[in-house]
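Student: Below is a structure I'd like to ask you about.
So this is what it looks like as C-alpha cells:
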C-alpha cells in the first residue's frame, strides 16, 4: 500500500502518532533534545496517565525555539516549525488527519532539502512518491518514506503495543537527520 493509502485508512491515534513521528524526526532542526516530545508520546500511549496531549504540546512548544520565522531562516527549519505550530490541540477529528498528512509532506520535503545530491523534486514529485512512484529517489528521502510507511503499518498491525516500535523507528530517523544537520553545519563553517 502507498503512504497516501495508509494515511487514508489510519485511525486518529495512528494519524497522531504518524504526524508526531515526522515531527520527532525533524526536532534536530528546531534545536530540541531527544526528549522534548516524550510527553506527547506518553499521552498517546496512555491518555489516562500523566498529562494530556494539549498540555504536552504546549510544553514542547515552550521548550523549543520561537515558532516564528526568523529573517533568513532555512526552508527546512521553516517546514519543521510549521509542523509544530500547526499540531492540533486535540489528536482527533479532521484536524489530526490534515496535520498528519501535512507533516508527511513536510518531512519528505525537509529530507529532500537536506540531501546533498538530491534531484530537484518539486511538490508534484513528493506527492507522486507518497503515492508509490519511487524510482530515482535520493537515499535520504527514500529512507524517510520507508519510515513513514513503517510507522503506519506498525500501528495498523499491533494496536497499543506498536507505539514502542514506532518510537524506535522515529528515534533512528532522528539520529540520521541529526547527523545530516551536523554535517551540513560543518560544511557551512
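Numbering (my numbering), first residue to last: -3 to 185. The beta-carbon is built from N, C-alpha and C at its ideal position, and this holds for glycine as well. Model, not experiment: these values are computed from the prediction.
Taking 8 Å as the threshold (C-beta atoms), are residue 97 and residue 3 in contact?
Tutor: Against a cut-off of 8 Å, the Cβ pair of residue 97 and residue 3 comes out as a contact.
Student: Between which two residues does the alpha helix (DSSP H) containing residue 24 stretch?
Tutor: Residues 23 to 26.
Student: Using the Cα positions of residue 20 and residue 40, report the straight-line distance between them to the nearest angstrom.
Tutor: If I take the Cα positions, the gap works out to 14 Å.
Student: So for residue 115, helix, strand or coil by DSSP?
Tutor: Only weak support is given to the placement of residue 115: the predicted model assigns it a pLDDT of 48, under 50, and the value that follows is read from those uncertain coordinates. In this structure, residue 115 counts as coil in the three-state DSSP scheme.
Student: Straight-line CA distance for residue 181 to residue 79?
Tutor: In a straight line, the C-alpha of residue 181 is about 22 Å away from that of residue 79.
Student: Apart from the five residues on each side of it in sequence, which residues of its chain come closer than 6 Å, Cβ to Cβ, to residue 186?
Tutor: Absent from the model: residue 186. The displayed extent of the chain is -3 to 185, so no value can be given.
Student: What number of angstroms, rounded off, separates the C-alpha of residue 170 from the C-alpha of residue 29?
Tutor: One C-alpha to the other measures close to 10 Å.
Student: From 104, 93, 53, 106, pick the residue whose C-alpha is nearest to that of residue 81; which is it?
Tutor: Nearest of 104, 93, 53, 106 to residue 81, Cα basis: 53.
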